[in-house]
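Down below is the structure, laid out as C-alpha cells.
What follows is the structure in C-alpha cells.
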C-alpha cells in the first residue's frame with residue numbers, strides 16, 4: 007500500500023498546547039521542488055567528503071526498556087551500550103551522536119500517521135531514532151536544552167507491506183504489557199537488530215534540515231535526517247500500537263493513543279538539503 011495524499015493534518019489531541027515562538031519547528035512538509043541544489047549543498051555540508059555513517063552494533067543480550075510515555079511507546083538504550091550505536095559524518099561533520107531512544111508516530115488508521123509529509127503525502131507511521139551529541143555535550147539533557155545541534159534524529163517513514171517487520175514484531179509482542187502511561191518493561195531479545203530500521207544505511211539518501219522536537223517542550227535543537235526510502239510493516243503491526251492508552255489508568259477508548267503526530271509547521275525559509283550518498 008503506498009502513502010496516501012491527505013489534507014493538512016489535524017492537530018493531535020494528545021499533545022498539550024504550549025507557547026512556541028521559534029522559527030525552526032518540526033515537522034515540516036518536504037516539497038521536493040524546493041530542496042537545495044547540489045552546488046549550494048556542498049557549501050552547507052560540514053564535511054562533504056564523508057557521507058553520513060550509520061551502524062548500530064548488535065545489542066544481543068542487552069537489556070533495554072520499552073515504556074508507554076503517554077504519547078506512545080519508546081525504546082530506550084542504556085548509555086553504556088549506546089556508545090556502540092553512534093552516527094557521524096555528512097551533515098554532522100566529525101561530531102558523534104549517540105543513540106538515546108526510538109519511538110514512533112501513527113494515526114487513527116493507515117491513511118495518516120507520519121509527522122513529516124513529502125509533497126503533501128502522508129505515511130501510516132514514522133519512526134524516530136533519537137541521538138545526542140556526545141562530542142560537545144556531557145549528557146542528553148544538556149544536548150537538548152542548551153544547544154542548536156544537540157540532537158540528531160533519523161526519521162524513517164513506514165509503509166504497509168505484505169511481510170511483518172522483525173523489529174515491530176518484537177515491539178508488538180510487548181505492547182500488551184505496557185497498556186497505560188508510565189508502564190514499562192524490559193526488552194532483551196537476541197534477534198533485535200536496530201539496523202533493520204534504517205533503509206540503505208551504508209549509502210543513505212535523505213533530506214536534511216534544522217528543526218525541533220515534535221513533542222513538548224519543542225526544543226529547537228534537532229538536526230533532522232529523513233530517509234527517502236520507507237521501510238514496510240504489516241497493517242496489523244501498526245494497528246497494535248493503537249492499543250496503548252495515554253492515561254495512567256483508563257479503559258476508555260477515547261484515551262487510546264490514536265493520533266500522536268503534530269501539525270505540519272511553517273518552514274520560515276529554512277533550506278532543505280537533498281543528500282544523495284551514492
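In the working numbering, the protein residues as written are 7 to 284. Cβ coordinates follow ideal geometry from the N, Cα and C atoms, glycine included.
Can you round the beta-carbon distance between residue 252 and residue 113 to whole angstroms, since I take them to be within the 8 Å contact cut? Wrong, their Cβ atoms sit about 14 Å apart, outside the cutoff.
Contact check, residue 231 vs residue 159 under 8 Å by CB: the rounded distance? 7 Å
Do residue 72 and residue 88 count as a contact pair if the criterion is CB distance below 8 Å? no
Ordered along the chain, which non-local residues of its own chain (more than five positions away) have a Cβ less than 8 Å from that of residue 42? So the qualifying residues of the chain are 50, 277, 278, 279 and 280.
Short Cβ contact (8 Å threshold) for residue 198 with residue 65: Their beta carbons are under 8 Å apart, which means residue 198 touches residue 65 by this criterion.
Residue 214 by DSSP, collapsed to three states: which one? strand
Short of 7 Å in beta carbon distance, which residues of its chain neighbour residue 37, apart from the five on each side in sequence? Order them along the chain. 125
If you drop the 5 nearest sequence neighbours on each side, which residues of the same chain put their C-beta closer than 8 Å to that of residue 184? 72, 73, 74, 79, 190, 191 and 250
By Cβ distance below 7 Å, which residues in the same chain neighbour residue 141 in space, the five residues on each side in sequence not counted? Cβ within range, chain order: 101 and 102.
Can you give the beta carbon distance from residue 196 to residue 67, rounded, assuming they're within the 8 Å contact cut? Right, the Cβ-Cβ distance comes to about 7 Å (below 8 Å), so this counts as a contact.
Let me know if residue 274 comes out buried or exposed under the rule of 16 or more other beta-carbons within 10 Å of its beta-carbon. exposed
Comparing alpha-carbon positions, which option in 255, 243, 229 and 128 lies nearest residue 173? Taking the Cα of residue 173 as reference, the smallest distance to any Cα among 255, 243, 229 and 128 is reached at 243.
In chain order, which beta strand (DSSP E) runs of at least 3 residues are fully inside the stretch 137 to 216? 157 to 166 and 190 to 193
Quick check on residue 154: buried or exposed, where buried means 16 or more other Cβ atoms within 10 Å of its Cβ? exposed
Checking 8 Å against the spacing of the C-beta atoms, do residue 130 and residue 116 come in under that value? yes
Going by DSSP, what residue range makes up the alpha helix (DSSP H) through residue 85? 85 to 88
Coil, strand or helix - residue 246 by DSSP: helix
Same chain, Cβ closer than 8 Å to residue 176, neighbours up to 5 away in sequence not counted: 193, 195, 197 and 198
Report the option in 227, 241 and 200 whose CA atom is closest to the CA atom of residue 166. 241
Helix, strand or coil: how does DSSP classify residue 100 here? In the displayed model, residue 100 falls within coil according to three-state DSSP, outside both helix and strand.
Please identify the residue among 128, 60, 228 and 214 whose C-alpha is closest to the C-alpha of residue 97. 214
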